[in-house]
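Chemist: Protein sequence lines, in the order shown, are assigned to chains S and U. Under my numbering, think of the first position of the first sequence as 1, with each following residue one higher. Under my numbering, think of the first position of the second sequence as 280, with each following residue one higher. Glycine is no exception: its CB is placed at the ideal position from the N, C-alpha and C atoms.
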Amino acid sequence: MTPRRTPRTGRGGTITYAILVLAVLVSAFPFYWTIVAASRSNADLAQVPPTLLPGPNLIRNFEAVMEEADIGTALLNSLVVSGSITVGTVLCCTLAGFAFAKLRFRGRGALLALTVGTMMIPPQLGVIPLFMLIAELGWVNQLQSVILPGLVSAFGVFFMRQYLVQSLPDELIEAARVDGASSARIFWSIVVPIARPGMAVLGLLTFMAAWNDFFWPIIALSSQEPTVQVALRQLGGGYVHDQSVIMAGTLLGTLPVLLVFGLLGRQIVGGIMQGAVKG
Amino acid sequence: MPVQPPTGAGPGRRSGPGTAAQSPPLVRSRHPATPKGRTVTLTASGPTTAPVPPPSARSTAGARRRRWAAVVPYVYVAPFFTLFAAFGLFPLLYTAFVSLYRVELQTPGDMEWRGFGNYAALLTDEFFWTALRNTFTIGVLSTVPQLAMALGLAHLLNYKLRGRTFFRTAMLLPYATSVAAATLVFAQLFGRDFGLVNYALSLIGAGPVDWQNGTLASQIAVSSIVVWRWTGYNALIYLAGMQSIPSELYEAAEMDGASRWRQFFHVTLPGLRPTIVFTAVVSTIGATQLFGEPLLFEGSASGGISHQYQTLGLYLYEQGWGFFHLGRAAAIAWLMFLLILLLVGINALIARRRSRREEGRA
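(1) Using the beta-carbon of each residue, which ones in chain U are nearer than 7 Å to S27 (chain S)?
(2) Using only alpha-carbon positions, find the residue among U:P525, U:L575 and U:F570 that is nearest to L551 (chain U).
(3) Under 7 Å Cβ to Cβ from I504 (chain U), same chain only, skipping five residues before and after it: list those, please.
(4) What span of residues does the alpha helix (DSSP H) with M120 (chain S) cover, start to end?
(5) I'd like to check one pair, Y596 (chain U) with I417 (chain U): are the Cβ atoms closer than 8 Å?
(6) On a CA-only basis, which of S:G262, S:G236, S:A181 and S:A154 is nearest L362 (chain U)? Give me that one, please.
(7) In the structure shown, what three-state DSSP assignment does D389 (chain U) receive?
(8) Is the stretch 265-275 of chain S touching the stretch 465-480 of chain U, taking contact as three or more C-beta pairs under 8 Å?
(9) In this structure, does DSSP put E383 (chain U) in helix, strand or coil?
(10) DSSP state of H434 (chain U), grouped into three classes?
(11) Check the Cβ-Cβ distances between V152 (chain S) and every residue of chain U, and say whether any is below 8 Å.
(12) Which residues in the same chain have their Cβ closer than 8 Å to the Cβ of A459 (chain U), if we skip the five residues on either side of it in sequence?
(13) Along chain U, which residues have their Cβ under 7 Å away from the Cβ of G237 (chain S)?
(14) Relative to the C-alpha of G236 (chain S), which residue among S:L111, S:V65 and S:A18 is closest?
(15) Whole angstroms is fine: what's the gap from T86 (chain S)'s alpha carbon to R635 (chain U)'s?
(16) Return the residue from the list S:E68, S:I19, S:Q229 and S:F105 that minimises the CA-CA distance to S244 (chain S).
(17) Please state whether DSSP places R11 (chain S) in a helix, a strand or coil.
(18) Which two residues bound the contiguous alpha helix (DSSP H) that contains R539 (chain U)?
(19) Taking just the CA atoms, how far does R185 (chain S) sit from T409 (chain U)?
(20) A248 (chain S): which of S:V228, S:V26, S:S222 and S:G117 sits nearest, CA to CA?
(21) In the structure shown, what three-state DSSP assignment does H241 (chain S) receive?
(22) Give me the Cα-Cα distance between A175 (chain S) and P358 (chain U), rounded to the nearest whole angstrom.
(23) Can you name, in chain order, every residue of its own chain whose Cβ lies under 6 Å from the Cβ of L475 (chain U), other than the five neighbours on each side?
(24) Please report the distance separating the alpha-carbon of H434 (chain U) from that of A559 (chain U).
(25) Taking a contact to mean a Cβ-Cβ separation below 8 Å, would you say T224 (chain U) touches P129 (chain S) in this structure?
(26) Do you know how far the Cα of A200 (chain S) is from the Cα of R177 (chain S)?
(27) Can you grab the Cα-Cα spacing for the pair A99 (chain S) / P352 (chain U), in whole Å?
(28) Quick one: does S457 (chain U) have its CB under 8 Å from some CB of chain S?
(29) I'd like to know whether the C-beta atoms of T488 (chain U) and A496 (chain U) end up nearer to each other than 8 Å.
(30) Three or more C-beta pairs closer than 8 Å, one from the stretch 250-265 of chain S and one from the stretch 420-437 of chain U: is that the case here?
(31) H604 (chain U) by DSSP, collapsed to three states: which one?
(32) How many angstroms separate the CA atom of E530 (chain U) from the CA atom of V546 (chain U)?
(33) When you compare the stretch 391-398 of chain U with the stretch 220-234 of chain S, are there three or more beta-carbon pairs, one atom per stretch, that lie closer than 8 Å?
(34) Whole angstroms are fine: how far does the CA of S189 (chain S) sit from the CA of T73 (chain S)?
(35) Would you kindly report the start and end of the unbroken alpha helix (DSSP H) that includes G198 (chain S)?
(36) Name the residue from U:G583, U:R539, U:L593 and U:T403 whose alpha carbon lies nearest to the alpha carbon of G13 (chain S).
This is the structure in structure tokens:
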């Protein structure tokens, strides 16, 4: 766990602020530019010197992109996919994380080592057999082909294990067991309430990762049943030539995550920093 | 952020004796009629240490309860490991198998033995070597500046600041965007004729640069997307690492009259080494996987007209879903896996040698 912020480092001077503000501007500028470009016309974007202020065409471009790339369906699908992945992952990882943190069983070390050892291996390397598998099952172009593989999160198991090792006292479980509580009851009434902050952080990170996942969805899905990323890939694939329409699609596809980030950015920052210290 | 009083009890309990004292009942409670095979699957690894004293009084309620208690942990881990086996481990291992067959996208059920034919075809394809080279150069162009800048930013964020939550959150903003969205925006910014980057360059009398067709230029452009998305994230990881360095070290350094820069090099950097190794490994793996950025930069799987920024990930996609050769794509995936193992190994080796040298010095 991070100790409380140490008082030892010096105060930031003017140069420190200047550099940090510059970094924030660089981080934020592409977002601003997306809004500018999405609210202009294609002709506006082909001007020298370029326009740097938003224009009046935002709604029109939204309508155009809804028509050309079916962003509406894509947003809905992404919501279903990311939502299911988040709930499922948090549940699976909390169950397994609890077992690894607090229960003793044969093979625990080996299973945990297997989980942690494959944490670093990108799932991207397994796409070919995965594709053959879902083709065999007839799942191509169906959302479960993205949801089910998305539930596998070795990181999540490890994260929940670390969280519960630190925050769940053994005595609490022992006491409940002595009182005759069943395993299911122990899990729902003791483990889950204590694990909740960790589950929330894992849920946030999982949701963003699922929303932004790119490689597997563009393989498993197509324009008939797109997620946002699949739709963006089509927008960028050269069929739509109007740059302002492409930017309108990008903006629509990014807004939901930005919304989550705007509301819960602090927790996400905390989660990443926490994960870093523990990992 | 809860400080952890309960943890003190944890490790002590879990260490050696506790576990040993706990495990005999587990073993005894196993049903004597259980076939051997089942025991092995549960154990999953290692020699089966089963000095099972034949139990006679097992039919009591207590024994049944204990037997159930022995099964419960597996019930907890079952959902994860079922999914993990089906959608994680199996595809990964099966990739090696598929890479030895001819498999076409339209008929993924038909597999025809090819031996190492797919690999031979790859090694004689000049675009494979181009992709390998590009993956390496883009990897360096994106990883090195990203981590260096993240380190600097983390150092600044570690000062006492007004609005430090704001700075941290704002810097993580790019991380929240998808590869697809970021790339579409950057592709526009890097446009040759009307892109903002070339316009900015023209203001200082430089350019215009052909960010799409120039080899180095296109690779810089693609790398910049990676740098933009991940610098803030890594800065936060470094910041977390810096905050776990004990403040006494800084106080001591200050008393010795060390300047801020000296403190950075002699206290912060050594304390941060595990974190730096961690981010280097993660970024290296990310770099070998690079896919979305080069795909959407111009929207084609070839990575530019002369494949000037096609990465291995994109090459895999082109072979599999552009040319329908799934077997060959599997061979690429397996080579990428070996490449990652190699890179991680080198990384670990460097880290170990460095820490050993420092220990020798101390």
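Modeler: Judging by the given coordinates:
(1) A449, M450, L452, P453 and G511
(2) U:P525
(3) A461, T462, F465 and E572
(4) It is not in any alpha helix (DSSP H) - M120 (chain S) carries neither H nor E in the DSSP assignment.
(5) no
(6) S:A154
(7) strand
(8) no
(9) strand
(10) helix
(11) yes
(12) G571 and L575
(13) G578
(14) S:V65
(15) 42 Å
(16) S:E68
(17) strand
(18) R539 to Q542
(19) 58 Å
(20) S:V228
(21) coil
(22) 27 Å
(23) L468
(24) 18 Å
(25) The requested residue 224 (chain U) is not part of the displayed model; chain U covers only 280 to 641.
(26) 27 Å
(27) 6 Å
(28) yes
(29) With the sequence shown as reference, residue 488 (chain U) is identified as Val, and Thr is not the correct amino acid for it. Yes, the pair counts as a contact, with Cβ atoms nearer than the cut-off.
(30) no
(31) strand
(32) 10 Å
(33) no
(34) 38 Å
(35) V192 to N212
(36) U:R539
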